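> Okay, here's the structure, questions in a sec.
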Amino acid sequence: MYYAKRNRLIGLAYLAPAIVFVSLFTAYPFLQMVWVSFNNWSLIEPPRPVGLDNFTRAFTDRQFWTSLGYTLKYTLLITPILMLAGYLLALLTARNTPINRLTRTLVFMPVVIGLGASSLLWYWLYSPRFGLVNRFLEDLGVIRQPVVWLGTDTDLSTWAIILSVVWKVLGFGMILFVAAIQAVPAEVSEAAMVDGATAWQRAWRVIVPLTMPTILLVTLVSMIGSLLAFDQFFLMTAGQPRNLTATAVFYVYLNSFPYLKLGYGAALSLILAVLILFFTVAQVVVTRRVRM
Amino acid sequence: MSAYGYAELRSQRRVTGALGVIWSRRTTFVAGVVCTALCAFAITPVALTVLSSFKSQGEEATSPPAYLPRGLDLESYQRLWNFQLGLPTYIFNSLGTAFLAITLALAVTIPAGYALARFPVPRKEAWFVFLLLGLIIPYQALLTPIFLMFAQLNLTNTLLGLAIIHTHIQLPFSLYVMRNSFEAVPRELDEAAVVDGANSWQVLTRVFLPSVRPAIITVALFSFITSWNEFLGALVMMNRGSSFTLPLVLWSNRATTTIGGTDWGVLQAGVTISIVPCVLFYLLLQRYYVSGLTSGAIK
Numbered sequence: 004m005y006y007a008k009r010n011r012l013i014g015l016a017y018l019a020p021a022i023v024f025v026s027l028f029t030a031y032p033f034l035q036m037v038w039v040s041f042n043n044w045s046l047i048e049p050p051r052p053v054g055l056d057n058f059t060r061a062f063t064d065r066q067f068w069t070s071l072g073y074t075l076k077y078t079l080l081i082t083p084i085l086m087l088a089g090y091l092l093a094l095l096t097a098r099n100t101p102i103n104r105l106t107r108t109l110v111f112m113p114v115v116i117g118l119g120a121s122s123l124l125w126y127w128l129y130s131p132r133f134g135l136v137n138r139f140l141e142d143l144g145v146i147r148q149p150v151v152w153l154g155t156d157t158d159l160s161t162w163a164i165i166l167s168v169v170w171k172v173l174g175f176g177m178i179l180f181v182a183a184i185q186a187v188p189a190e191v192s193e194a195a196m197v198d199g200a201t202a203w204q205r206a207w208r209v210i211v212p213l214t215m216p217t218i219l220l221v222t223l224v225s226m227i228g229s230l231l232a233f234d235q236f237f238l239m240t241a242g243q244p245r246n247l248t249a250t251a252v253f254y255v256y257l258n259s260f261p262y263l264k265l266g267y268g269a270a271l272s273l274i275l276a277v278l279i280l281f282f283t284v285a286q287v288v289v290t291r292r293v294r295m
Numbered sequence: 490m491s492a493y494g495y496a497e498l499r500s501q502r503r504v505t506g507a508l509g510v511i512w513s514r515r516t517t518f519v520a521g522v523v524c525t526a527l528c529a530f531a532i533t534p535v536a537l538t539v540l541s542s543f544k545s546q547g548e549e550a551t552s553p554p555a556y557l558p559r560g561l562d563l564e565s566y567q568r569l570w571n572f573q574l575g576l577p578t579y580i581f582n583s584l585g586t587a588f589l590a591i592t593l594a595l596a597v598t599i600p601a602g603y604a605l606a607r608f609p610v611p612r613k614e615a616w617f618v619f620l621l622l623g624l625i626i627p628y629q630a631l632l633t634p635i636f637l638m639f640a641q642l643n644l645t646n647t648l649l650g651l652a653i654i655h656t657h658i659q660l661p662f663s664l665y666v667m668r669n670s671f672e673a674v675p676r677e678l679d680e681a682a683v684v685d686g687a688n689s690w691q692v693l694t695r696v697f698l699p700s701v702r703p704a705i706i707t708v709a710l711f712s713f714i715t716s717w718n719e720f721l722g723a724l725v726m727m728n729r730g731s732s733f734t735l736p737l738v739l740w741s742n743r744a745t746t747t748i749g750g751t752d753w754g755v756l757q758a759g760v761t762i763s764i765v766p767c768v769l770f771y772l773l774l775q776r777y778y779v780s781g782l783t784s785g786a787i788k
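In order, the protein sequence lines correspond to chains A and B. 4 is the number of the first residue of the first sequence in the working numbering; add one for each residue after it. 490 is the number of the first residue of the second sequence in the working numbering; add one for each residue after it.
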């Protein structure tokens, strides 16, 4: 009775706002992006169809490849650090004791802070003359002269940003790993202990394999996040030196907005979306297998 | 989730033998030291920023800088209050956008969660996948076409336009949380209401809304945090100073004064103001935050 035929229409009516929202603000812009990418458009002049020009141009655009390569390098550097540190932290704090709860609460706190705010916070800490990082290192005697952390040396800038992002997002992986580790049945670990396994053997041979789906999931979520990085680079180095620390999203932004090359920006967006799609599909497949 | 976790077992080593006791105590000590160090690492950058926001202008200009302020000076907050169009405008913009984003998210996901959990909607699975489209296409890639559309609809530089983008970012997560929560409500509850003659709207408002309250809080909380903090969408959509949100103002303080040097006091005070509501909500609603994160990311 409750599931009578007219309920189909009522159900569709309740679903309608969501369908309209996604159609207007996700599906339609996506289709428009595909269309715009085959045109040259600067807002001042009307769009002019150019076929595949924007895509062929992307393949010969050295700055695009530099940005893409840099984004990949950043992702490959930060992901292992986040996974390893997050997992070790989770192993350390998985048990619900007061000090572990406190550590979890505090380490997770930077996750709720905005990336914009945290980037500017670190931008100050890294400031050569007015930042506390240089002051601290000078007090320790590690450095004699103030170090210019951001915007002059590519590697130094990258590692400085990585440290700030690790500080900000470490708690995200940790919380998910803790949930996964706590879900490992006690009997399994007990059995391993009875068999004489040491703590490290239990962690490596029992806990890690049983939480592998979560490890994969967090790795993918974190990689997608890094591949789409923008705020921290825009705010901390502004792409300097010589746009060598401009990420892929940064370069898309530069083309679409300050330069108003909308067609080219759309083509770059599309290429980026396709690259990300690979990781997203993997994420969805993994997510479907995880049950907590 | 097992309450009897892995680490509980580790503590049992204490009873396994004399060597176990020594090893375990040392481990406990080392673990305590590591935890303390981690807490310090997590809290120090924020604490130093908040404390430095109370430095006087003279102290701000000192190089090398002092770790702590000499007194409790509110000069930085005064300069932030009067920065460009004044802090109240920007706080109004940020709060207004967040409020609209929360409203939109709930208005869209509550009925959708209800429909997905209880109604025999034709091709339901296909619709659900369609609604999660935002998960597949990163919003960063969609900003150019959304900007073009909003320019035509006069939605650029409006709080509503930005709120739509923020809703879009959070939609897949909100939808997941809401659907799961509606599905978890026992069917006897709403079926009994139907037998009593309630129509679908009455079932939604009287039976479901009280039952899915935790999901509503979770969706509202995540919508707020996303909207309050979001930077790139605001940077693209809001190019008029009067419609800047808080993150944009902080950026413009860094960007406009690079020649004369960034006003570090305004930066520290601004960062403090942006952090406070997030940390406050997190500490008050930690339960919703963590459960939302685990269920949203895992299920």
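Glycine included, each C-beta is placed from N, C-alpha and C at the ideal position. None of the values given here were measured: they were computed from a predicted structure.
Counting along the chain, where does the alpha helix (DSSP H) carrying Lys613 (chain B) start and finish?
That run of the alpha helix (DSSP H) goes Lys613 to Leu620.
> Tell me, please, whether the region 606-618 of chain B touches the region 9-28 of chain A by the rule of three or more beta-carbon pairs shorter than 8 angstroms.
Yes: the two stretches touch, three or more of their Cβ pairs being nearer than 8 angstroms.
> List the whole-angstrom C-beta distance separating Pro261 (chain A) from Pro634 (chain B), where the pair is believed to meet the contact cut-off of C-beta under 8 angstroms.
18 angstroms between Cβ atoms; not a contact.
> Starting from Trp68 (chain A), follow the alpha helix (DSSP H) in both directions and report where the run begins and ends.
Taken as a continuous stretch (DSSP letters only), the alpha helix (DSSP H) holding Trp68 (chain A) covers Arg65 to Thr96.
> Three or more C-beta pairs closer than 8 angstroms, one from the region 129-136 of chain A and one from the region 543-554 of chain B: is that the case here?
Result yes; three or more Cβ-Cβ pairs closer than 8 angstroms.
> Should Asn582 (chain B) be flagged as near chain A, meaning a C-beta pair shorter than 7 angstroms?
For Asn582 (chain B), the answer is no, since every Cβ of chain A falls outside 7 angstroms of its Cβ.
> Cutting at 8 angstroms between CB atoms, please list the residues of its own chain near Ser192 (chain A), excluding the five before and the five after it.
So the qualifying residues of the chain are Arg205, Val209 and Ile210.
> Taking 7 angstroms as the threshold (C-beta atoms), are Ala270 (chain A) and Ser40 (chain A) in contact?
A contact, by the Cβ cut-off of 7 angstroms.
> Which residue from B:Gly759, B:Leu576 and B:Ala723 puts its Cα closest to that of Thr538 (chain B)?
Answer by Cα proximity: B:Gly759.
> Of all Cβ atoms in chain B, is any one closer than 7 angstroms to the Cβ of Ala61 (chain A)?
No, because no Cβ of chain B sits closer than 7 angstroms to the Cβ of Ala61 (chain A).
> What is the rounded straight-line gap between the Cα of Val692 (chain B) and the Cα of Val683 (chain B)?
In a straight line, the C-alpha of Val692 (chain B) is about 7 angstroms away from that of Val683 (chain B).
> For the region 614-630 of chain B, which residues have a CB atom closer than 9 angstroms to at least one CB atom of chain A, in sequence order?
Those residues of the region 614-630 of chain B that come within reach of chain A (Cβ to Cβ, closer than 9 angstroms) are Trp616, Phe619, Leu620, Leu621, Leu622, Gly623, Leu624, Ile625, Ile626, Pro627, Tyr628, Gln629 and Ala630.
> Taking all protein chains shown into account, decide if Ile511 (chain B) is buried (16 or more other Cβ within 10 angstroms of its Cβ) or exposed.
In this prediction, Ile511 (chain B) scores a pLDDT of 46, lower than 50, which makes its location untrustworthy; the coordinate-derived value is nonetheless stated afterwards. By the 10 Å Cβ count, Ile511 (chain B) comes out exposed.
> Relative to the C-alpha of Leu87 (chain A), which candidate in A:Trp68, A:Arg107 and A:Val169 has its C-alpha closest?
Out of A:Trp68, A:Arg107 and A:Val169, A:Val169 has the C-alpha closest to the C-alpha of Leu87 (chain A).
> Assuming the contact rule is C-beta atoms closer than 8 angstroms, Tyr126 (chain A) and Ala232 (chain A) should be a hit. Round their C-beta distance to whole Å, please.
Not really, about 15 angstroms apart at Cβ, beyond 8 angstroms.
> Starting from Tyr254 (chain A) and walking both ways along the alpha helix (DSSP H), at which residues does that stretch end?
Looking at the DSSP string, the run of the alpha helix (DSSP H) that includes Tyr254 (chain A) is Ala251 to Ser259.
> List, in chain order, every chain B residue whose beta-carbon is nearer than 7 angstroms to that of Asn10 (chain A).
Under the 7 angstroms cutoff, chain B gives Phe608 and Pro609.
> Using C-beta distances below 7 angstroms, list every residue in its chain close to Trp616 (chain B), excluding the 5 sequence neighbours before and after it, in chain order.
Excluding residues within five positions, the ones whose Cβ falls inside 7 angstroms are Val610.
> Pro699 (chain B): which of B:Thr715, B:Asp685, B:Ser716 and B:Asp679 sits nearest, CA to CA?
Of B:Thr715, B:Asp685, B:Ser716 and B:Asp679, the residue nearest in Cα terms is B:Asp679.
> So what's Pro52 (chain A) in DSSP terms, helix, strand or just coil?
Correct three-state label for Pro52 (chain A): strand.
> Would you mind sorting Gln629 (chain B) into buried or exposed? The rule is 16 or more other CB atoms within 10 Å of its CB.
Counting Cβ neighbours within 10 Å, Gln629 (chain B) comes out buried, since at least 16 surround it.
> Taking C-beta to C-beta, are Pro736 (chain B) and Gly242 (chain A) nearer than 7 angstroms?
No. Outside cutoff.
> Roughly how far, in whole angstroms, is the beta-carbon of Leu238 (chain A) from the beta-carbon of Ser122 (chain A), given that I think they are within contact range, below 8 angstroms?
4 angstroms between Cβ atoms; contact.
> Any C-beta of chain A within less than 7 angstroms: which residues of the region 682-716 of chain B qualify?
Within the region 682-716 of chain B, the qualifying residues are Val683, Ser689 and Ile714.
> Under 7 angstroms between beta-carbons, which chain B residues line up against Val252 (chain A)? List them in chain order, please.
Within 7 angstroms Cβ-Cβ: Gln629.
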